[in-house]
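**Student:**
In the working numbering, the protein residues as written are 21 to 329.
In structure tokens, the structure reads:
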């Protein structure tokens, strides 16, 4: 049937064009070039031109996710929405995703995977029944893929914060001992350190400057990170502020404690290393060694037995 090869070629060409435009739209623009282009274009741009300048995701997937998010909100409980909002905050709000965008994104990914597998099964395998079953399975997988991606982002961000806490606390201690206030020390940390912990301190410092209480701004970091070492540090700072204890002394004690915990984590990882190396040794290295060592002997034994017979 000549229609099937033509449909395959059209789908392949459409896929190549979509990938090309996605790569071209997602390519970051040089900040200097962007600034020069803004200064050079003095005339006002139309809404259509401004929309075409946005990446492919902003022009296609985000509006589709926003439309489908209404369907997701009907079936999602308030507890689920609140949990998703907290998880997005813990992940650092990647891509400026809101809760409504993330719920819609799950439906978009599920729909695309289901339709893609059904079309593939219909055109390549020629089995519509298997396509329906596989489309349902792929749709279910696509619905949970954003959750898996978000969990990985949360774990990576928590690990980065945990690794940055000791050095950041040392810088805070040095800055406070040099005569800076705690807010000034936070500003110095934001200036010198890059990473998710610095971003959290930048957000808290901005909240403090607009009038929010320092203890409330710092406590909000605990809910957005859920890192035990950072939680202990913020709790000590808040308690020191309430009791009137010098912050420099508290910072010094917390810095020493974090160094001890970092050394203990390193010792724990070193103790786990031999056990983790056991599985690659048994599964990959030992069989290769046995083949290299015993292979020639087995070949000689087999040749001798064949010659003797």
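Glycine residues also receive a C-beta, built at the ideal position from the N, C-alpha and C atoms.
What you are looking at is a predicted structure, and each value in this text was computed from that prediction instead of being measured.
How close, in whole Å, do the beta carbons of residue 180 and residue 215 come, if the pair is a contact with beta carbons under 8 Å?
**Tutor:** Yes, residue 180 and residue 215 are in contact; Cβ-Cβ is about 6 Å, under 8 Å.
**Student:** Would you check if the stretch 109 to 118 and the stretch 137 to 156 touch, i.e. whether three or more CB-CB distances between them fall below 8 Å?
**Tutor:** The stretch 137 to 156 vs the stretch 109 to 118: no contact.
**Student:** Buried or exposed for residue 289, please, with buried defined as at least 16 other CB atoms from any protein chain shown within 10 angstroms of its CB.
**Tutor:** Counting Cβ neighbours within 10 Å, residue 289 comes out exposed, since fewer than 16 surround it.
**Student:** Drop a sphere of 10 angstroms on the beta-carbon of residue 170, count the other beta-carbons inside from all chains shown, and report buried for 16 or more, exposed for fewer.
**Tutor:** Its Cβ being crowded by 16 or more others within 10 Å, residue 170 is buried.
**Student:** Distance, Cα to Cα, residue 316 vs residue 297?
**Tutor:** Spanning the two alpha carbons is a distance of roughly 28 Å.
**Student:** For the ligand COA, any of its heavy atoms closer than 6 Å to the Cβ of residue 166?
**Tutor:** What this structure holds is no ligand at all, so the ligand COA is not there to describe.
**Student:** Under 8 Å Cβ to Cβ from residue 212, same chain only, skipping five residues before and after it: list those, please.
**Tutor:** Answer for residue 212: 191, listed in chain order.
**Student:** My understanding is that residue 228 touches residue 203, with C-beta atoms under 8 Å, so please give their C-beta distance in whole angstroms.
**Tutor:** Going by Cβ atoms, the distance from residue 228 to residue 203 rounds to 6 Å, so yes, they are a contact pair.
**Student:** Check for me: the alpha helix (DSSP H) holding residue 266 runs from which residue to which?
**Tutor:** No alpha helix (DSSP H) contains residue 266, which DSSP labels as neither H nor E.
**Student:** Give every residue of the same chain whose Cβ lies closer than 6 Å to the Cβ of residue 61, excluding the five residues on either side of it in the sequence, and list them in chain order.
**Tutor:** Since pLDDT at residue 61 reaches only 49, below the 50 mark, its modelled position is unreliable, and no value is offered.
**Student:** Beta carbon of residue 270, beta carbon of residue 260: below 7 Å?
**Tutor:** Yes, these two residues count as a Cβ contact at 7 Å.
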